[in-house]
Amino acid sequence: MKRASDEELVRARTVLLALRGFYGLYVMHGLLMPDTPAQAALRKRIDAWGMFPFLDHLIAVSPSPGEFAESLTVCLEPPFDNLYEALMEQLAADPGIFRIPGDDTGAVGFGERWIRTLREQTAAG
94 MKRASDEELV RARTVLLALR GFYGLYVMHG LLMPDTPAQA ALRKRIDAWG
144 MFPFLDHLIA VSPSPGEFAE SLTVCLEPPF DNLYEALMEQ LAADPGIFRI
194 PGDDTGAVGF GERWIRTLRE QTAAG
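Residue numbers for the sequence shown follow my numbering, so the first one is 94 and each next one is one higher.
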């Protein structure tokens, strides 16, 4: 078995530590919460690769040190390196990608937009 380079370990650790953020993209989207264009773009790439079911399973683990090491090993695989590339590209486009999207009114604007979306969905359904 090939020993991972320091760069590969850094990339894998970056993905592993961002997994909850990836998952949050789906939770917020599923609750019809507003998101940013960068969040939507990252979710679209993850969906195109068919990675969400696997991410959902991996994120459910609240890792002990041993489980963290096992998860880190999984994150050395090519599909997760693709996630690293996508994350780095989206972070370059929007450094606040995992922040709650809002407008100039911050959390108030976020809440108002979410409630408006829920009302629109209720009226349409």
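We treat Cβ as the ideally placed atom computed from N, Cα and C, and that holds for glycine.
Using a Cβ-Cβ cutoff of less than 6 Å, which residues in the same chain neighbour residue i once the five nearest sequence positions on both sides are dropped?
| i | result |
| --- | --- |
| Leu176 | Val108 |
| Phe173 | Val108 |
| Arg138 | Ala179 |
Can you have a look at residue i and say buried or exposed, based on whether 16 or more other CB atoms are within 10 angstroms of its CB?
| i | result |
| --- | --- |
| Ser98 | exposed |
| Leu124 | exposed |
| Ala179 | buried |
| Arg104 | buried |
| Gln132 | buried |
| Leu118 | buried |
Between which residues of its own chain and residue i is the CB-CB distance below 7 Å, once the five residues before and five after are set aside?
| i | result |
| --- | --- |
| Ala122 | One point to set straight first is that residue 122 is His, not Ala, in the sequence displayed. Around His122: Asp128 and Arg136. |
| Met126 | Trp207 |
Using CA atoms only, rank isn't needed, just tell me which of the options is closest to residue i.
| i | options | result |
| --- | --- | --- |
| Ala185 | Ala134, Leu102 and Glu100 | Ala134 |
Report yes or no: do three or more beta-carbon pairs, one from the region 108–125 and one from the region 142–152, lie closer than 8 Å?
Taking a cut-off of 8 Å for Cβ pairs, the region 108–125 and the region 142–152 touch, as three or more such pairs fall below it.
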